[in-house]
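**Student:**
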Amino acid sequence: MSDELDGKHGVQSLEVGMSILRAMVTGKRSMMLKDIAQAADMPPSKAHRYLVSLIRSGLVEQDRLTSRYDLGPFALNLGLVALDRVDRIRLGLSAIGDLRDLTNETVALAVWSDRGPVVVRWERPRRPITVNVLTGTSLSLLSSAAGRVFAAWLPEQQTEALLRAELESGRVPAGLATLDDARRLLAEVRARGVAVISSGYFARGVEAAAAPVFNFKNEINMSIALVGVEGTLDLLPHSPVLQALKEACDALSRRLGATLLPGVESGDHAT
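Sequential numbering from 1 applies to the sequence shown in full-length UniProt numbering.
#1: Mapping the DSSP letters down to three states, classify F214 as helix, strand or coil.
#2: Between G257, R90, G136 and A108, which lies nearest to K217 when the distance is taken from Cα to Cα?
#3: Among the candidates R68, L261, E219 and S94, whose CA atom is the shortest distance from the CA of L191?
#4: Grab the span of the alpha helix (DSSP H) containing V25 for me, first residue to last.
#5: Please list, in chain order, all residues of the same chain as R255 whose beta carbon is under 7 Å from its beta carbon, the five residues on each side excluded.
#6: Using 7 Å as the threshold, is the C-beta distance between A251 and L226 below it?
#7: Let's see if you can read the secondary structure: which residues bound the alpha helix (DSSP H) around V52?
#8: Under a Cβ-count criterion, where at least 16 other Cβ atoms within 10 Å of its own Cβ denotes burial, should E15 be classed as buried or exposed?
#9: Excluding the 5 residues preceding and the 5 following P73 in the sequence, name in chain order all residues of the same chain whose CB lies nearer than 8 Å to its CB.
#10: Could you give the DSSP three-state label for T103: helix, strand or coil?
#11: Taking T178 and L167 to be in contact with their CB atoms under 8 Å, please state how far apart those CB atoms are, rounded to whole angstroms.
#12: Taking the alpha carbon of V194 as the point to measure from, which residue in H238, R164 and L163 has its own alpha carbon closest?
#13: Kindly identify the DSSP beta-bridge partner or partners of P125.
#14: So which of N221, I197 and E247 has the shortest CA-CA distance to G231?
#15: Could you tell me how far apart the beta carbons of G228 and V131 are, in whole angstroms, since I believe they sit closer than 8 Å?
#16: From the DSSP output, in three-state form, read off P237 for me.
#17: For A152, count neighbouring C-beta atoms within 10 Å of its own C-beta (all shown protein chains included) and say buried if the count is 16 or more, exposed if not.
#18: Can you list, in chain order, the stretches of the beta strand (DSSP E) that have 3 or more residues and sit fully within the segment 147-185?
#19: Between the beta-carbon of G147 and the beta-carbon of E123, is there less than 7 Å?
#20: Are A110 and S30 closer than 7 Å when you measure CB to CB?
#21: With DSSP as the reference, please indicate the residues paired to D70 in a beta bridge.
#22: Count the other CB atoms within 10 Å of the CB of P212; is the residue buried (16 or more) or exposed (fewer)?
#23: Can you round the beta-carbon distance between D20 and L54 to whole angstroms, since I take them to be within the 8 Å contact cut?
#24: Which residues in the same chain have their Cβ closer than 7 Å to the Cβ of V133, if we skip the five residues on either side of it in sequence?
#25: Do you know offhand how far L51's Cα is from G17's?
#26: How long is the line joining the alpha carbons of N221 and W112, rounded to whole angstroms?
#27: For L102 and T135, what's the separation of their Cα atoms in angstroms?
#28: Out of curiosity, what's the CA-to-CA distance linking L235 and V149?
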């Protein structure tokens, strides 16, 4: 009977130790004891006792010169093993299937390639009139929602040549003529956390919204887009459809190890 109760309630000391590790992961760098205790919401004396055990297990190490604590070799090994076992595309396919079921809209998954964003899979909704998205389609950086997402969160040195080529071609939405125009648009996308395009889409009569998916390095890894016939998607800022899109991308980002999620302009974005 006691074993059953232990199984149901778990091991509290382990959960406390995990809260310390989570605090250290969120800290992004080596930390002093007082900072770890504050982040884990516990007295420094209690945090220190757990850190001693975590050091013995190899999950934490302490720099003798600075007295700062950081993740230890066993924690790093666990992370590498976990990353090796994560199949991002498989997880992405599952996410777009769930989002399609939730919204009953066409949902596409895009990744970055040497040619720019490319659709790797799409899910058709259960409705008579839909938008078909071809697997392998290369997306414009400025005339597609997923393209804007990649352009907004990738370092500019990685996208500048493609952006300039699109601008010079003239096949861009109205109001975009220069690289500075594109930068202002992409800054708005980063601030909002989602890209919405209801006119000027690269395919006539189509509108879309897309959000980023981040990996454990907090770098954009994929993008998920909702695509519909123009005038059929609810693209207002707080619409249930956009909320579902953001939540799906945030959940997938966390599954891939991301700790910083969009919605607020990041000072770490490279320009």
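Don't be surprised by glycine CBs; every beta carbon is placed ideally from N, CA and C. Being a predicted model, the structure only gives us computed values, none of them experimental.
**Tutor:** On the basis of the data shown:
#1: strand
#2: G257
#3: Per the sequence presented here, residue 191 reads as Ala, with Leu not at that position. L261 is the residue among R68, L261, E219 and S94 whose C-alpha sits nearest the C-alpha of A191.
#4: Following the DSSP letters along the chain, one finds V25 inside the alpha helix (DSSP H) bounded by residues Q12 to G27.
#5: L91
#6: A251 is not a Cβ neighbour of L226, given a cutoff of 7 Å.
#7: P44 to S57
#8: exposed
#9: G58 and E61
#10: helix
#11: With 8 Å as the limit, T178 and L167 qualify as a contact, their Cβ atoms being about 7 Å apart.
#12: Ranking H238, R164 and L163 by Cα distance to V194 puts H238 first.
#13: DSSP, once it has assigned bridges, lists no residue as partnering P125.
#14: With distances taken between Cα atoms, G231 lies closest to I197.
#15: 6 Å between Cβ atoms; contact.
#16: coil
#17: buried
#18: none
#19: no
#20: no
#21: E61
#22: buried
#23: One point to set straight first is that residue 20 is Ile, not Asp, in the sequence displayed. With 8 Å as the limit, I20 and L54 qualify as a contact, their Cβ atoms being about 7 Å apart.
#24: T106, A108, V119, W122 and V227
#25: 8 Å
#26: 8 Å
#27: 22 Å
#28: 16 Å
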